[in-house]
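Visitor:
There are 2 protein chains.
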Amino acid sequence: MEERDRNASDLLERAIAALRTRGHFSAFPELPSGKIYGEGAREEGQRAFEAHLERPFRLDQPTSGAWLGGEESPYGFPLGIRYPAPDPDGMIKAALSALPRWRDCGVERRAEVCLDILERLNRRSFELAYAVMHTTGQGFVMAFQAGGPHAQDRGLEALACAVDLMRRTPARALWEKRVGRDEVARFDKRYRIAPRGLALVIGCSTFPTWNSYPALFADLATGNPVLVKPHPRAVLPLALTVQIARQALDDAGFDPNLVQLVVDSEGEPIAKSLATRPEVRLIDFTGSSAFGNWLEQHCPQAAVFTEKSGVNSVVVDSTDDFRGMVRNLAFSLSLYAGQMCTTPQNIFVPASGIATDQGHKGFEEVAGALVEAVDRLLADPKRAVEVLGCIQNPATVERIDRVARAAGSAVLRPSAPLVHPEHPKARVHTPLLVQAESGEEELYLQELFGPIAFVIEADSTADAIARAAKAAREKGAITASVYSTREEVLADMERAMLECGVALSENLTGGVYVNQSAAFSDFHATGLNPAANASLVDEAFVAPRFHVVQLRRPLGG
Amino acid sequence: MEERDRNASDLLERAIAALRTRGHFSAFPELPSGKIYGEGAREEGQRAFEAHLERPFRLDQPTSGAWLGGEESPYGFPLGIRYPAPDPDGMIKAALSALPRWRDCGVERRAEVCLDILERLNRRSFELAYAVMHTTGQGFVMAFQAGGPHAQDRGLEALACAVDLMRRTPARALWEKRVGRDEVARFDKRYRIAPRGLALVIGCSTFPTWNSYPALFADLATGNPVLVKPHPRAVLPLALTVQIARQALDDAGFDPNLVQLVVDSEGEPIAKSLATRPEVRLIDFTGSSAFGNWLEQHCPQAAVFTEKSGVNSVVVDSTDDFRGMVRNLAFSLSLYAGQMCTTPQNIFVPASGIATDQGHKGFEEVAGALVEAVDRLLADPKRAVEVLGCIQNPATVERIDRVARAAGSAVLRPSAPLVHPEHPKARVHTPLLVQAESGEEELYLQELFGPIAFVIEADSTADAIARAAKAAREKGAITASVYSTREEVLADMERAMLECGVALSENLTGGVYVNQSAAFSDFHATGLNPAANASLVDEAFVAPRFHVVQLRRPLGG
Numbered sequence: 001m002e003e004r005d006r007n008a009s010d011l012l013e014r015a016i017a018a019l020r021t022r023g024h025f026s027a028f029p030e031l032p033s034g035k036i037y038g039e040g041a042r043e044e045g046q047r048a049f050e051a052h053l054e055r056p057f058r059l060d061q062p063t064s065g066a067w068l069g070g071e072e073s074p075y076g077f078p079l080g081i082r083y084p085a086p087d088p089d090g091m092i093k094a095a096l097s098a099l100p101r102w103r104d105c106g107v108e109r110r111a112e113v114c115l116d117i118l119e120r121l122n123r124r125s126f127e128l129a130y131a132v133m134h135t136t137g138q139g140f141v142m143a144f145q146a147g148g149p150h151a152q153d154r155g156l157e158a159l160a161c162a163v164d165l166m167r168r169t170p171a172r173a174l175w176e177k178r179v180g181r182d183e184v185a186r187f188d189k190r191y192r193i194a195p196r197g198l199a200l201v202i203g204c205s206t207f208p209t210w211n212s213y214p215a216l217f218a219d220l221a222t223g224n225p226v227l228v229k230p231h232p233r234a235v236l237p238l239a240l241t242v243q244i245a246r247q248a249l250d251d252a253g254f255d256p257n258l259v260q261l262v263v264d265s266e267g268e269p270i271a272k273s274l275a276t277r278p279e280v281r282l283i284d285f286t287g288s289s290a291f292g293n294w295l296e297q298h299c300p301q302a303a304v305f306t307e308k309s310g311v312n313s314v315v316v317d318s319t320d321d322f323r324g325m326v327r328n329l330a331f332s333l334s335l336y337a338g339q340m341c342t343t344p345q346n347i348f349v350p351a352s353g354i355a356t357d358q359g360h361k362g363f364e365e366v367a368g369a370l371v372e373a374v375d376r377l378l379a380d381p382k383r384a385v386e387v388l389g390c391i392q393n394p395a396t397v398e399r400i401d402r403v404a405r406a407a408g409s410a411v412l413r414p415s416a417p418l419v420h421p422e423h424p425k426a427r428v429h430t431p432l433l434v435q436a437e438s439g440e441e442e443l444y445l446q447e448l449f450g451p452i453a454f455v456i457e458a459d460s461t462a463d464a465i466a467r468a469a470k471a472a473r474e475k476g477a478i479t480a481s482v483y484s485t486r487e488e489v490l491a492d493m494e495r496a497m498l499e500c501g502v503a504l505s506e507n508l509t510g511g512v513y514v515n516q517s518a519a520f521s522d523f524h525a526t527g528l529n530p531a532a533n534a535s536l537v538d539e540a541f542v543a544p545r546f547h548v549v550q551l552r553r554p555l556g557g
Numbered sequence: 001m002e003e004r005d006r007n008a009s010d011l012l013e014r015a016i017a018a019l020r021t022r023g024h025f026s027a028f029p030e031l032p033s034g035k036i037y038g039e040g041a042r043e044e045g046q047r048a049f050e051a052h053l054e055r056p057f058r059l060d061q062p063t064s065g066a067w068l069g070g071e072e073s074p075y076g077f078p079l080g081i082r083y084p085a086p087d088p089d090g091m092i093k094a095a096l097s098a099l100p101r102w103r104d105c106g107v108e109r110r111a112e113v114c115l116d117i118l119e120r121l122n123r124r125s126f127e128l129a130y131a132v133m134h135t136t137g138q139g140f141v142m143a144f145q146a147g148g149p150h151a152q153d154r155g156l157e158a159l160a161c162a163v164d165l166m167r168r169t170p171a172r173a174l175w176e177k178r179v180g181r182d183e184v185a186r187f188d189k190r191y192r193i194a195p196r197g198l199a200l201v202i203g204c205s206t207f208p209t210w211n212s213y214p215a216l217f218a219d220l221a222t223g224n225p226v227l228v229k230p231h232p233r234a235v236l237p238l239a240l241t242v243q244i245a246r247q248a249l250d251d252a253g254f255d256p257n258l259v260q261l262v263v264d265s266e267g268e269p270i271a272k273s274l275a276t277r278p279e280v281r282l283i284d285f286t287g288s289s290a291f292g293n294w295l296e297q298h299c300p301q302a303a304v305f306t307e308k309s310g311v312n313s314v315v316v317d318s319t320d321d322f323r324g325m326v327r328n329l330a331f332s333l334s335l336y337a338g339q340m341c342t343t344p345q346n347i348f349v350p351a352s353g354i355a356t357d358q359g360h361k362g363f364e365e366v367a368g369a370l371v372e373a374v375d376r377l378l379a380d381p382k383r384a385v386e387v388l389g390c391i392q393n394p395a396t397v398e399r400i401d402r403v404a405r406a407a408g409s410a411v412l413r414p415s416a417p418l419v420h421p422e423h424p425k426a427r428v429h430t431p432l433l434v435q436a437e438s439g440e441e442e443l444y445l446q447e448l449f450g451p452i453a454f455v456i457e458a459d460s461t462a463d464a465i466a467r468a469a470k471a472a473r474e475k476g477a478i479t480a481s482v483y484s485t486r487e488e489v490l491a492d493m494e495r496a497m498l499e500c501g502v503a504l505s506e507n508l509t510g511g512v513y514v515n516q517s518a519a520f521s522d523f524h525a526t527g528l529n530p531a532a533n534a535s536l537v538d539e540a541f542v543a544p545r546f547h548v549v550q551l552r553r554p555l556g557g
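Read top to bottom, the protein sequences are chains C and D. At position 108 of the first sequence (counting the first as 1) the number is 108 in the working numbering, and the numbers step up by one without a gap. At position 148 of the second sequence (counting the first as 1) the number is 148 in the working numbering, and the numbers step up by one without a gap.
#1: List the DSSP bridge partners of Glu71 (chain D).
#2: When you check each C-beta in the region 492 to 512 of chain C against every C-beta of chain D, which residues fall closer than 8 Å?
#3: Could you tell me the distance, in whole angstroms, from the CA atom of Leu68 (chain D) to the CA atom of Ser265 (chain D)?
#4: For Glu183 (chain D), decide whether its Cβ has a neighbour in chain C, counting only Cβ atoms nearer than 9 Å.
#5: For Val162 (chain D), which of D:Pro544, D:Pro554, D:Asn393 and D:Leu555 has the nearest alpha-carbon?
#6: Taking contact to mean 3 or more Cβ pairs, one atom from each stretch, closer than 8 Å, check whether the region 99 to 108 of chain D and the region 252 to 272 of chain D are in contact.
#7: Specify, as a first and last residue, the run of the beta strand (DSSP E) that Glu39 (chain D) falls within.
#8: Which term fits Ile478 (chain C), buried or exposed, when burial requires 16 or more other beta carbons within 10 angstroms of its beta carbon?
#9: To test your reading of the DSSP string, which unbroken beta strand (DSSP E) runs of 3 or more residues are found completely within the region 390 to 455 of chain D?
#10: What residue range is occupied by the uninterrupted beta strand (DSSP E) comprising Asn346 (chain D)?
#11: Determine the chain D residues that contact Gln260 (chain C) at a beta-carbon separation under 9 Å, and present them in chain order.
#12: Return the first residue and the last residue of the alpha helix (DSSP H) that Glu487 (chain C) is part of.
#13: Hey, quick one: how far does the beta strand (DSSP E) through Glu559 (chain D) stretch, first residue to last?
#14: Using a beta-carbon distance below 9 Å, is Ala472 (chain D) in contact with chain C?
#15: Ordered along the chain, which non-local residues of its own chain (more than five positions away) have a Cβ less than 6 Å from that of Gly556 (chain C)?
#16: Output, in sequence order along the chain, the residues in the region 132 to 144 of chain D whose CB is closer than 8 Å to any CB in chain C.
#17: Are the region 171 to 184 of chain C and the region 423 to 437 of chain C in contact at 8 Å, needing three or more beta carbon pairs?
#18: Does the Cβ of Arg246 (chain C) have 16 or more other Cβ atoms within 10 Å, making it buried, or fewer, making it exposed?
#19: Measuring CA to CA, which of C:Gly76, C:Pro56, C:Gly80 and C:Pro84 is closest to Ser639 (chain C)?
#20: When the distance is taken between beta carbons, is Arg22 (chain D) closer than 9 Å to Thr21 (chain C)?
#21: List the DSSP bridge partners of Gln358 (chain D).
#22: Are at least three pairs of beta-carbons, each pair with one atom in the region 74 to 92 of chain D and one in the region 267 to 281 of chain D, less than 8 Å apart?
#23: Between which two residues does the alpha helix (DSSP H) holding Asp219 (chain C) run?
#24: Quick one: give me the first and last residue of the alpha helix (DSSP H) that Leu261 (chain C) is part of.
#25: Val201 (chain D) and Val226 (chain D) - do their beta-carbons sit closer together than 9 Å?
#26: Indicate whether at least one CB of chain C lies closer than 9 Å to the CB of Glu386 (chain D).
#27: Give the interface partners of Ser289 (chain D) over in chain C, defined as CB-CB distance under 8 Å, in chain order.
#28: Measure the alpha-carbon distance for Gly137 (chain D) versus Ala94 (chain D) and round it to whole angstroms.
#29: Distance check for Arg553 (chain D) and Phe25 (chain C), CA to CA, integer angstroms please.
This is how it looks when you write it as structure tokens:
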């Protein structure tokens, strides 16, 4: 075994072990540092990104012959990249004809190739970071981390879970059973892992890699060829991913058509017609509730895994670190301008105020401190744009305006555009904070994607918990957060979030935020409320992607 | 720990280990012997069965107040048992209110209670055997084995798989990550297994317990309350199961409404309205393709697991044990009069005949030997009725007549009624064997449930394999069988069955039959062709029944 192979296989075993302890584990360094990735890696990545601009993106896969592409960087320029338009029939045929060899090479060989893809992706992390930054609008560091190493870790997590589940069934068994006084039936049984079929992974515009890699690697590891359909506004990160995967497959002697890119346009979307094809047996989707629900309802031939929208809540009851709490919340609201499915939207505070290490704080004081903390965090424009990034979709800016107009005098903190020091045309906007009463559900009981948050006067802590649970039950939620110095309140919130299936963070006051979800330790979404029917990465996310076909043969007496 | 508990927990660990080796394992003795189950156990079981006849069956669960029941023993008498008619709203409410305590008691406690249910079922195996015999029409020994210990083994298998999968996620983790030069974030993380929600298990009329126990125990083990809806012609075995489970739950201090029986009638079926309830999040079904497909298409709120109908094939290429082959096939065709989803229907034999240890045999000779072997197997009526059992559904008798009329002179062996020595009114019919040509797909390329088989003249072995694969691909198949002395033929058949996802048995000539599927070793169905979207018991059958809800809390520096 060569050194590289030994390291790779060791990495896989460590990843598998990490899933059983769920402590901190990461395979791919998250610091965008030249010391780790090589001197000049950042500049090299930037040049590589820029080399893609204003050109056709070559992928040697079935195509209609036309070219598609209309990506615009939220930093204020068109990417000008054109991608080969799909030939769905040709792609499906090519994918299915690549299936048998990929299936037959076995679990361990597929795992090796998947690991190689992940390692190649990791080496291209800076290039991917710029691709993510200029499609999603994320700040550079976040684009690097979430789009690069963190996404790769999530992919490795899915790979590890898949390998571990597939290894549960032995390749072979000796079955011996006494079937008569002197007769023993002896059988040689063989078990073959068989993929479910063709897989379709539909990416989103805000986390094109992070939200797609778990499905991509779970599918590939279990033997399914994959069609990757990126969001038309965030194609490049997945186009690069597909290109890298195809190269790795080809180098390993497999048909690169095991991974193909299906590009469409907002005017002529292809997802519905593709998702309902009888050949498509697995669908993973991240995006709107409307389309996620449509997929769940209209694709009975496929196992459908969705992550949709939701309304995440914070319940503030009391704290022994008031300053840490508001600072932590301010960052959570501001990070990537709230364009995360994990960003809190509704912050419930009892109308009578809360007990803190700085004495009693009235509702207004808590709201005021939160506004002040956001202002302070974003005071330096250079730092602010790194935290906020850009608004991915112009519709989000309209949404901010609409909510602000409707709120009128209830606006606690207006959203404002911010001029990016390096990208004057970038679409940067600070968070809008609105005050509401807990009865005003028509205002806050809906997902308002983007930098929009409500500070809500609850009748009591119990009312706050009940409202947070109702939002999760009816609209879905991926995260919840609670601040309290009282164990009984924490227990009440825990029980409520268990009932509606929401991951809960308690008393976050330091450098970990409710928005963050760490591979190998944190489950992302639960699959138990309307925000998602799946969880990254639990066994239910992986196991339906394969079955077992067995052969049995009697052995001579 | 008491002796009983230690044995129980040891049994669970052995069952879990057995799934990883897939050798022979059985927890519940399959011999209906007084030496094992106690002297007089059979008579006691018969008396217990008879005590249910002509009476109301008491279950203290929500009911409309009406009584339902029209079961007829295929052995020729009405059971006269009346069951409480369901109150669906009341039952759903009761089930959901029982959920939290069952969820919160944890994996190991639920496993203990499930094991206790299985052991109680095992002690009632003779009573269950008579209940299965007089609803399904199986012969006594089969009713005992398949309805009792084998079903219990399948339930234990599902329980073991569920416990093993749930144990993969630890209850707690310490997460430590360096987040700055001198700062380490330390978190206490807790993980709670959360059930998917209310489960519905829809039983079939031929194997009411065997086909339901995997779902019942997978659901219960993962924390889901279960509504058990038996087939209206085979209620008693599941009514007893539910009664026993409720008693065990009650004795363990849990709400018995975690398991409820939903009885309906053929005139007013309830499954559709129940299956589409938003509260129902898991559905398991065994039965017709029409209804199975309906469930897959109309219940997007639920994970739907189906086992439907199919067309199983045998490919005969050559054999070194001609006598063993025809004897084995004759038994497979006759067992329970072909009313198994695993019974072969289409036996492909090359028109040019086959090589055997008795020299070359022409097609006619092979067909003739098969007819003769069936005749010989069923020559003694006393033995014949034990093998054949009764025809469960009168519609099956009509089907035999219809196929025989259509076949005309192609009938190789007519089906005939047989007078049961002990039950003169019993509906006993011997197998119909029909000759066909491989082009006559309109005859044999459809499921003809019951004792109906075709001996089909194939152009060649390759044609036979291709036809078998086509049937599996288009109509579904749960089993396949091949006879050949040539490794390359076996390899071709293996490849073909892998492609269409069918478990393959090779060269069965002894006391193991293609119809049989052993818990802990054989996967029953694959989920990869139209006969079933699920496999008993693989990880995909169990994992979607639960998710994980996590809590995280910072630990003091």
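All residues carry an ideal CB built from backbone N, CA and C; glycine is no exception. Just so we're clear, the structure is a prediction, and the values are computed from it rather than from any experiment.
Guide: On the basis of the coordinates in this document:
#1: According to DSSP, which records beta bridges pairwise, Glu71 (chain D) is partnered with nothing at all.
#2: Glu494, Met497, Leu498, Glu499, Gly501, Val502, Ala503, Leu504, Ser505, Glu506, Asn507, Leu508, Thr509, Gly510, Gly511 and Val512
#3: 7 Å
#4: yes
#5: According to the sequence provided, residue 162 (chain D) is Ala. The question's Val does not apply to it. The residue with the shortest Cα to Cα distance from Ala162 (chain D) is D:Pro544.
#6: yes
#7: Premise fails: Glu39 (chain D) is in no beta strand (DSSP E) and is neither H nor E.
#8: buried
#9: 411 to 413 and 432 to 437
#10: Asn346 to Pro350
#11: Per Cβ cutoff of 9 Å: no residues; Gln260 (chain C) is ~21 Å from chain D at best.
#12: Glu487 to Cys500
#13: Any question about residue 559 (chain D) goes unanswered here, given that chain D covers just 1 to 557.
#14: no
#15: none
#16: none
#17: no
#18: buried
#19: The question about residue 639 (chain C) has no answer, for chain C in this structure spans 1 to 557.
#20: no
#21: DSSP, once it has assigned bridges, lists no residue as partnering Gln358 (chain D).
#22: yes
#23: Tyr213 to Ala221
#24: It is not in any alpha helix (DSSP H) - Leu261 (chain C) instead sits in the beta strand (DSSP E) that spans Val259 to Leu261.
#25: yes
#26: no
#27: Correct list: empty, because the minimum Cβ distance to chain C is about 13 Å.
#28: 34 Å
#29: 18 Å
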